[in-house]
Ligand SMILES: [Ca+2]
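Numbering (the numbering used here), first residue to last: 758 to 922.
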């Protein structure tokens, strides 16, 4: 079966039948490996070349294929970009560091926030870093430590279940 290049999201429902009866199989083409095959399989059908690997940055835009998959961008186009953003949000008389990260919730990646005061030790997830918003196109993480009174802190997003590992 050939899929149109313009199709970005599709779920195939395949049913088969034999002497034992019916079997329904669903293949989500946006799950990591089918997506990787659809993206790179044309030039590398076995997905063994360096350009097809999750840690590669084929379009040289500074974002690896793994993160382009999570963001929902095209790993073969340097002009297809989605950038995380940091911001301060006032709440209950304090200000909190937040990280807004683009993502496509249909894709097989889980993200969590992490905070650090020295870039060496990171504390991941709740209660240090909580999820403020979990939308179809973005997630927002917030440090639980107010900015006031704390000289500096850092925030980042981590992939809980990186594809291919
Ligand atoms: Ca890239």
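Glycine residues also receive a C-beta, built at the ideal position from the N, C-alpha and C atoms.
Contacts around residue i, its chain only, beta-carbon distance under 7 angstroms, and the 5 residues preceding and following it disregarded
i: residue 909; result: 874
i: residue 884; result: 901
i: residue 857; result: 841, 842, 844, 895, 897
i: residue 801; result: 808, 809
Assumed close pair residue i, residue j - CB separation to whole angstroms, cut-off 8 angstroms
i: residue 841; j: residue 859; result: 7 angstroms
i: residue 898; j: residue 870; result: 3 angstroms
Close Cβ partners of residue i (< 8 angstroms) along its chain, the five nearest in sequence each way excluded
i: residue 907; result: 874
i: residue 827; result: 860, 861, 864, 866, 868, 916
i: residue 792; result: 786, 826, 864
i: residue 894; result: 829, 859, 860, 861, 862
i: residue 855; result: 843, 844, 845, 846, 889, 897, 898, 899, 900, 912
Start and end residues, alpha helix (DSSP H) containing residue i
i: residue 842; result: Looking at the DSSP string, residue 842 is not in any alpha helix (DSSP H); the run it does join, the beta strand (DSSP E), is 842 to 848.
i: residue 827; result: 822 to 828
i: residue 789; result: 789 to 797
Buried/exposed call for residue i, threshold 16 Cβ in 10 Å
i: residue 815; result: buried
i: residue 843; result: exposed
i: residue 896; result: buried
i: residue 892; result: exposed
i: residue 823; result: buried
i: residue 789; result: buried
i: residue 725; result: As displayed, the chain neither begins before 758 nor continues past 922, which places residue 725 out of reach and without an answer.
i: residue 796; result: buried
Residue span of the beta strand (DSSP E) that contains residue i, given as start and end
i: residue 895; result: 895 to 900
i: residue 888; result: 886 to 891
i: residue 918; result: Neither: residue 918 is in no beta strand (DSSP E) and is coded neither H nor E.
i: residue 873; result: 868 to 873
i: residue 904; result: Counting along the chain, residue 904 falls outside any beta strand (DSSP E), and DSSP gives it neither H nor E.
i: residue 854; result: 851 to 859
Cutoff 6 angstroms; reference residue i; Cβ partners in own chain excluding five residues on either side
i: residue 821; result: 812, 814
i: residue 879; result: 871, 873
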